[in-house]
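**Student:**
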């Protein structure tokens, strides 16, 4: 194909904006797995032309967020357990690298911010604020990634996050999960603040290995 989905989207600013809006909706859980994405409805919802919506869906299909089915339109792509495990394994490698790089680049301001996040995570778990803890979890990972300076890894991780966000949210809400993950996150914080790249990478990998081990529990009927 002479013009790729990304090239088409780049030539269509409105399409890029629609792609961003749909991506955010998928990430937020506003669009559920396997939900149909109807061009006419999206065009009305986002105030864009059908052509721009079509370009947006093509771009999101290349990112793995949307599945296009011949003669049936598009839908939010559902991620199987096996694929969720694979995604988390990739995260384990890349976020481990980013944690190590963050430890190499850590500043006093970073240490203050990370320790504040750690204290707030402890308070959220102690008070049973699961939603608050989930948000702090997201912010901690984002802070470590931003500190790392690894732009390529961060771009890949951003795409993977969109594909797996629903399962990650369900895991965060799983009974007892915050109590398990809190010490793991605190270990990451301690290692990064100590400027110990090896310990930071090991702590992040151990945390994400724990996520992989916990994922199958989400498939069991409630």
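In the working numbering, the protein residues as written are 4 to 225.
Idealized CB from N, CA, C, for every residue including glycine.
Could you give the residue range of the alpha helix (DSSP H) that holds residue 75?
**Tutor:** No alpha helix (DSSP H) holds residue 75; DSSP gives it neither H nor E.
**Student:** For residue 69, tell me which candidate among 166, 211 and 206 has the shortest Cα-Cα distance.
**Tutor:** Nearest of 166, 211 and 206 to residue 69, Cα basis: 166.
**Student:** For residue 170, I'd like the list of residues in its chain whose CB is within less than 6 Å of its CB, leaving aside the five on either flank, ordered along the chain.
**Tutor:** Closer than 6 Å at the Cβ level, and outside the excluded window around residue 170, lie 87.
**Student:** Once you ignore the five residues that flank residue 207 on each side, which residues in its own chain have a CB closer than 6 Å to its CB?
**Tutor:** Around residue 207: 98, 99, 102 and 191.
**Student:** When the distance is taken between beta carbons, is residue 71 closer than 8 Å to residue 3?
**Tutor:** It is not possible to answer for residue 3, since the shown part of the chain is limited to 4 through 225.
**Student:** Cutting at 8 Å between CB atoms, please list the residues of its own chain near residue 146, excluding the five before and the five after it.
**Tutor:** Correct list, in chain order: 113, 116, 117 and 120.
**Student:** In three-state terms, what does DSSP make of residue 69?
**Tutor:** Correct three-state label for residue 69: strand.
**Student:** Classify residue 62 as buried or exposed, calling it buried when 16 or more other Cβ atoms lie within 10 Å of its own Cβ.
**Tutor:** Buried, by the Cβ-count rule.
**Student:** In angstroms with no decimal places, state the Cα-to-Cα distance between residue 135 and residue 74.
**Tutor:** Rounded to the nearest angstrom, the two C-alpha atoms are 42 Å apart.
**Student:** Using alpha carbons as the reference points, say which of 164, 156 and 195 lies closest to residue 27.
**Tutor:** With distances taken between Cα atoms, residue 27 lies closest to 164.
**Student:** Would you mind working out which of 41, 85, 29 and 57 sits nearest residue 162, comparing C-alpha positions?
**Tutor:** Selected option, being the one with the closest Cα: 29.
**Student:** Taking C-beta to C-beta, are residue 18 and residue 58 nearer than 8 Å?
**Tutor:** In this structure, residue 58 lies closer than 8 Å to residue 18 by Cβ.
**Student:** Please classify residue 80: does DSSP put it in a helix, a strand, or coil?
**Tutor:** If DSSP states are grouped into helix, strand and coil, residue 80 belongs with coil.
**Student:** Applying the criterion that 16 or more other CB atoms from any shown protein chain within 10 Å of the CB defines a buried residue, is residue 153 buried or exposed?
**Tutor:** So residue 153 counts as buried.
**Student:** Between 124, 175, 204 and 209, which lies nearest to residue 148 when the distance is taken from Cα to Cα?
**Tutor:** Measuring from the Cα of residue 148, the nearest candidate turns out to be 204.
**Student:** With a CB to CB cut of under 6 Å and the five nearest residues on each side skipped, what residues in its chain are close to residue 53?
**Tutor:** Closer than 6 Å at Cβ, skipping near neighbours: 42 and 46.
**Student:** With a CB to CB cut of under 7 Å and the five nearest residues on each side skipped, what residues in its chain are close to residue 211?
**Tutor:** Taken in chain order, the residues that qualify are 91, 94, 95 and 98.
**Student:** Unbroken alpha helix (DSSP H) runs of length 4 or more, entirely within the stretch 128-176: which are they?
**Tutor:** Those alpha helix (DSSP H) runs which fall completely within the stretch 128-176 and span 4+ residues are 133-151 and 154-176.
**Student:** Rounded to the nearest angstrom, how far is the Cβ of residue 213 from that of residue 187, given a contact under 8 Å?
**Tutor:** Their Cβ separation, rounded to whole angstroms, is 6 Å, which keeps residue 213 and residue 187 in contact under 8 Å.
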